[in-house]
Amino acid sequence: MSHPQTNIINFSAVAAQAQVLPSPMPTLFRLLNVTHHQVKATHCQYSATLYNEACTIRVCWSRYRPDSRLKDGLLVSPRGLEPSNHSGWAYKISGLSVRTMPSPDENLFHTIPASWVDDREVVQQAAALSDALSKPYRHLFNAIFWDGERFRRFCIGPSSMQNHHAEINGNLRHCVETARRLQRDCADLTDLLDPGFCILLGLLHDAGKADEYQLSSNGQWIMTDRGSLLGHKVTITEWIAIAKDVYGVDLTEGSYLALQHCLNSAQNAPQWLGVRESVMLEAFLLSGHDRTSGKLDMFRRLAPPANSGWGCRHVHMKYRPYFVGVAPAGNGGQSLQTSNQ
Ligand SMILES: [Fe+2]
């Protein structure tokens with residue numbers, strides 16, 4: 002926060018109390034509210050919020066000159082953070098290390114602030130999914146989304162403009178739900194399915210939509226040129242290939258081909274299209290859970306009061322949906338009420 006005339010930070014307005022820091026401290030933080038002012042020619046005073054689900058702290062530090070890399074959304078680690086070194090409004094640190102190399106050991110979903118995703122339950126579900134990934138798969142996911150702006154778009158954007166999950170955070174919600182459904186299949190089919198592979202499929206299957214939609218100046222979601230010309234499947238295919246090669250993700254050729262097959266194959270695609278027919282169980286399961294998640298969201302949105310009777314029409318549903326209602330607990334389903342609206 003700056004003084005109107007002198008551009009001096011008003012420390013009292015951003016005061017943060019010393020707090021009990023967790024042990025061990027998280028090593029990865031999302032940089033937020035970063036601000037600086039030049040005290041003199043060789044002295045630049047910085048302050049920022051470092052966000053991690055386990056610990057959010059206000060920090061301040063000095064530099065000789067401004068660091069043009071420091072922007073909100075970046076992944077960083079504090080240097081010289083001492084629990085006792087609190088100035089009364091922030092922890093004094095010696096500086097920030099910008100984390101440029103994706104780590105397979107970090108959980109990116111622990112770095113999602115509430116300003117990105119208000120629904121903390123879906124963030125916790127996503128974090129649990131990331132924890133369940135094997136190291137190479139988490140490395141691939143992190144390599145794709147180490148870019149803070151891209152990860153923010155993935156977390157914030159919708160899954161469609163008018164169809165299912167067509168709201169803020171809709172795509173994240175849909176990907177997490179699809180991944181959790183696949184994870185449940187894995188618990189039933191331990192001899193056939195790899196949980197890490199299936200979870201990664203669910204998380205990534207619509208991840209390319211992060212670059213398919215953008216908010217217009219009037220607050221409406223519109224399709225980007227990339228979305229119109231390529232579509233999200235081409236985008237995620239690109240991201241996987243680049244992340245694997247640039248960051249040296251330890252993915253076997255077999256896993257790479259299987260992942261790309263499940264994300265790009267289709268059932269009953271005309272042969273002339275050149276799209277490969279799905280031949281993997283994971284591809285069939287992904288397709289089914291993807292459609293279930295989408296339909297469930299549509300039916301929820303179109304349901305009438307008390308979820309009983311005829312719901313609302315929707316341009317993407319041929320027929321008006323009908324709901325039988327849910328019996329109150331304990332009466333064995335004998336008193337379902339339906340109303341024709
Ligand atoms: Fe989907």
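First residue of the sequence shown? That's 2 in my numbering, and the numbers climb one at a time after it. We put the beta carbon where it would ideally sit given N, CA and C, even for glycine. Here the structure is a predicted model, which is why all the values come from computation and not from measurement.
Roughly how many angstroms separate the alpha carbons of residue i and residue j, rounded to a whole number?
{"i": "residue 322", "j": "residue 175", "result": "21 Å"}
{"i": "residue 220", "j": "residue 203", "result": "28 Å"}
{"i": "residue 262", "j": "residue 38", "result": "51 Å"}
{"i": "residue 274", "j": "residue 82", "result": "57 Å"}
{"i": "residue 20", "j": "residue 55", "result": "12 Å"}
{"i": "residue 157", "j": "residue 324", "result": "31 Å"}
{"i": "residue 41", "j": "residue 65", "result": "9 Å"}
{"i": "residue 112", "j": "residue 268", "result": "37 Å"}
{"i": "residue 253", "j": "residue 136", "result": "13 Å"}
{"i": "residue 52", "j": "residue 33", "result": "7 Å"}
{"i": "residue 193", "j": "residue 131", "result": "21 Å"}
{"i": "residue 315", "j": "residue 235", "result": "29 Å"}
{"i": "residue 248", "j": "residue 26", "result": "26 Å"}
{"i": "residue 218", "j": "residue 329", "result": "46 Å"}
{"i": "residue 161", "j": "residue 43", "result": "50 Å"}
{"i": "residue 109", "j": "residue 88", "result": "29 Å"}
{"i": "residue 289", "j": "residue 205", "result": "15 Å"}
{"i": "residue 179", "j": "residue 260", "result": "15 Å"}
{"i": "residue 114", "j": "residue 271", "result": "44 Å"}
{"i": "residue 159", "j": "residue 168", "result": "5 Å"}
{"i": "residue 343", "j": "residue 198", "result": "Given that the chain is displayed from residue 2 to residue 342, the structure contains no residue 343 and the question cannot be resolved."}
{"i": "residue 72", "j": "residue 125", "result": "25 Å"}
{"i": "residue 30", "j": "residue 306", "result": "43 Å"}
{"i": "residue 230", "j": "residue 212", "result": "12 Å"}
{"i": "residue 284", "j": "residue 17", "result": "49 Å"}
{"i": "residue 326", "j": "residue 320", "result": "18 Å"}
{"i": "residue 222", "j": "residue 86", "result": "45 Å"}
On the DSSP bridge list, what partners appear for residue i?
{"i": "residue 310", "result": "324"}
{"i": "residue 43", "result": "None; residue 43 has no bridge partner."}
{"i": "residue 281", "result": "DSSP, once it has assigned bridges, lists no residue as partnering residue 281."}
{"i": "residue 290", "result": "Paired residue(s): none; residue 290 is not in a bridge."}
{"i": "residue 266", "result": "In DSSP, residue 266 forms no bridge with anything."}
{"i": "residue 224", "result": "214"}
{"i": "residue 62", "result": "47"}
{"i": "residue 219", "result": "Paired residue(s): none; residue 219 is not in a bridge."}
{"i": "residue 35", "result": "None, per the DSSP bridge assignment."}
{"i": "residue 376", "result": "Summary: the structure shown does not reach residue 376, with the chain confined to residues 2 through 342, and so no result is reported for it."}
{"i": "residue 56", "result": "53"}
{"i": "residue 198", "result": "Paired residues: none, contrary to the question."}
{"i": "residue 30", "result": "77"}
{"i": "residue 87", "result": "92"}
From the DSSP output, in three-state form, read off residue i for me.
{"i": "residue 297", "result": "helix"}
{"i": "residue 92", "result": "strand"}
{"i": "residue 79", "result": "strand"}
{"i": "residue 190", "result": "coil"}
{"i": "residue 342", "result": "Note that residue 342 scores a pLDDT of 42, beneath 50, so its modelled location is shaky; the value from the coordinates is reported in the next line. If DSSP states are grouped into helix, strand and coil, residue 342 belongs with coil."}
{"i": "residue 151", "result": "helix"}
{"i": "residue 138", "result": "helix"}
{"i": "residue 206", "result": "coil"}
{"i": "residue 111", "result": "helix"}
{"i": "residue 243", "result": "helix"}
{"i": "residue 257", "result": "helix"}
{"i": "residue 97", "result": "strand"}
{"i": "residue 179", "result": "helix"}
{"i": "residue 233", "result": "helix"}
{"i": "residue 238", "result": "helix"}
{"i": "residue 172", "result": "helix"}
{"i": "residue 10", "result": "Residue confidence for residue 10 is low, a pLDDT of 46 falling below 50, so the modelled location carries little weight and cannot support an answer."}
{"i": "residue 3", "result": "The predicted model places residue 3 with a pLDDT of 39, which falls under 50 and marks its position as unreliable, so this point remains unresolved."}
{"i": "residue 106", "result": "coil"}
{"i": "residue 69", "result": "coil"}
{"i": "residue 273", "result": "helix"}
{"i": "residue 123", "result": "helix"}
{"i": "residue 116", "result": "coil"}
{"i": "residue 161", "result": "coil"}
If contacts are defined as beta-carbon pairs under 8 Å, then residue i and residue j qualify, I think. What distance do you get, rounded to the angstrom?
{"i": "residue 312", "j": "residue 165", "result": "In fact, because the Cβ distance is near 14 Å, the residues do not count as touching under 8 Å."}
{"i": "residue 170", "j": "residue 226", "result": "Not confirmed; about 24 Å, so no contact."}
{"i": "residue 299", "j": "residue 318", "result": "7 Å"}
{"i": "residue 264", "j": "residue 293", "result": "Actually they are not in contact, since the Cβ atoms of residue 264 and residue 293 sit about 18 Å apart, beyond 8 Å."}
{"i": "residue 201", "j": "residue 138", "result": "5 Å"}
{"i": "residue 94", "j": "residue 240", "result": "Their Cβ separation, rounded to whole angstroms, is 33 Å, which puts residue 94 and residue 240 out of contact at 8 Å."}
{"i": "residue 143", "j": "residue 105", "result": "6 Å"}
{"i": "residue 60", "j": "residue 75", "result": "Not confirmed; about 14 Å, so no contact."}
{"i": "residue 244", "j": "residue 173", "result": "That pair is no contact at about 19 Å."}
{"i": "residue 155", "j": "residue 208", "result": "6 Å"}
{"i": "residue 103", "j": "residue 147", "result": "4 Å"}
Would a check of beta-carbon distances place residue i closer than 9 Å to chain D?
{"i": "residue 284", "result": "Annotation note: the requested chain D is absent from the structure, which comprises a single protein chain."}
If you measure from each CB to the nearest heavy atom of ligand 1 and keep those under 5 Å, what residues do you get, in chain order? 207 and 291
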